[in-house]
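Counting in our numbering, the sequence shown runs from 16 upward without gaps.
Ideal Cβ placement from N, Cα and C applies to all residues, glycine included.
Notes follow the structure.
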Amino acid sequence: MIDCFVYESGDFKAELQKSAHYCGEISFLRSIARPGMQVMEIGANTGVTVVALAKAIGDAGHLYAFEPVPEYYAALMANLSRNAVTNVSAYNMALSNHTGRIAFYKREGGGSGIAPARGGETHWVEATTITEFLIVEEIDRVNLLNLDCEGSELLVLQGARAVLERHAPQIFCEIHHGYLEELGHSADEVIGYLSDLGYSVQFLQIEDLEADVCVDTCSHVYATKAPHGC
Numbered sequence: 016m017i018d019c020f021v022y023e024s025g026d027f028k029a030e031l032q033k034s035a036h037y038c039g040e041i042s043f044l045r046s047i048a049r050p051g052m053q054v055m056e057i058g059a060n061t062g063v064t065v066v067a068l069a070k071a072i073g074d075a076g077h078l079y080a081f082e083p084v085p086e087y088y089a090a091l092m093a094n095l096s097r098n099a100v101t102n103v104s105a106y107n108m109a110l111s112n113h114t115g116r117i118a119f120y121k122r123e124g125g126g127s128g129i130a131p132a133r134g135g136e137t138h139w140v141e142a143t144t145i146t147e148f149l150i151v152e153e154i155d156r157v158n159l160l161n162l163d164c165e166g167s168e169l170l171v172l173q174g175a176r177a178v179l180e181r182h183a184p185q186i187f188c189e190i191h192h193g194y195l196e197e198l199g200h201s202a203d204e205v206i207g208y209l210s211d212l213g214y215s216v217q218f219l220q221i222e223d224l225e226a227d228v229c230v231d232t233c234s235h236v237y238a239t240k241a242p243h244g245c
């Protein structure tokens, strides 16, 4: 986890080279992001990919970032300010398949999610759905969803069903196999859900984008479909 950074700096680039994971994510996201896009990032953490995407979509675009853990949210806000990012709205809340308060666990060594964590901190946080958020905020489109939600993948996508049907956003989603299993879900369920909505799903190994991977070995998926009516 990179706590604080200046995106274009030599120090950040050097730190980034130590993480094939971050390098792969940023490279792939920059390949699919376009100026003017409306983006939602679920599981923003300290904002590394938030800032990368914000710069890729430019001033004509906007990004809505969600980070429920107060410590990570504070770091996210500091990094947005440090990098003079003005096209991001950040929310200290979670996304799921329902609204209300949920237990969220901050894990030792970094990361967080709804899967219980031994020795971690427990936070009760407000949650909403992607569909409800767009209605309340009167947002008329979303082009890209970037998910890193550590076990909540299926729940977040379930809460976005109407949005996926209407707007057909691209989806870049990290697959946390272990946390999904802890919560009684699986990567197969995530893929099946998206396929049932008409999405084509590509399996990725983010540290080696040329690798031949399947649903059981992927680190991420990239899902696309033709917009409604096309």
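Nearest Cα to residue 165 within the set 149, 19, 122, 97: 122.
In terms of Cβ geometry, residue 140 and residue 83 form a close pair [threshold 8 Å].
Residue 131 places its beta carbon 8 Å or farther from that of residue 107. Within the region 127-176, the runs of alpha helix (DSSP H) that reach at least 4 residues and sit entirely inside it are, in chain order, 145-151, 168-173. With a threshold of 16 other beta carbon atoms within 10 Å, residue 199 falls short and is exposed. Residue 24 has its alpha-carbon roughly 12 Å from the corresponding atom of residue 97. Out of 148, 190, 46, 80, the CA that lies nearest to the CA of residue 216 is found in 190. Contact annotation: the region 23-41 touches the region 222-231, with at least three C-beta pairs closer than 8 Å. The beta carbons of residue 195 and residue 238 sit about 16 Å from each other, so the pair does not count as a contact at 8 Å. In the structure shown, residue 188 falls within a strand segment according to DSSP collapsed to helix, strand and coil. The continuous alpha helix (DSSP H) containing residue 36 extends over residues 35-47. When DSSP states are grouped into helix, strand and coil, residue 22 belongs to the coil group. Excluding five sequence positions before and after residue 119, the CB atoms of its chain that fall closer than 8 Å to its own CB belong to 83, 84, 109, 127, 128, 129, 137, 138, 139, 140, given in chain order.
By the criterion of a C-beta distance shorter than 7 Å, residue 103 is surrounded in its chain by 65, 69, 78, 80, 95, once the five residues flanking it on both sides are discounted. Measuring C-alpha to C-alpha distances from residue 116 to each of 31, 163, 142, 56 identifies 142 as the nearest. Counting C-beta pairs closer than 8 Å gives three or more between the region 152-161 and the region 44-57, which meets the contact rule. In this structure residue 90 does not touch residue 203 by the C-beta definition: roughly 34 Å separates them, more than the 8 Å allowed. With a 10 Å radius around the Cβ and a threshold of 16 neighbouring Cβ atoms, residue 240 comes out buried. Taking a C-beta distance under 8 Å as the contact criterion, residue 205 and residue 180 do not qualify as a contact pair. Burial is judged here by how many other beta carbons sit within 10 angstroms of a residue's own beta carbon; residue 233 has at least 16 and is buried.
In the displayed model, residue 235 falls within a strand according to three-state DSSP. Put simply, the backbone Cα of residue 61 is about 17 Å away from that of residue 44. Excluding the 5 residues flanking it on each side, residue 187 has same chain C-beta neighbours closer than 6 Å at 161, 237, in chain order.
For residue 121, the enclosing beta strand (DSSP E) covers residues 115-121.
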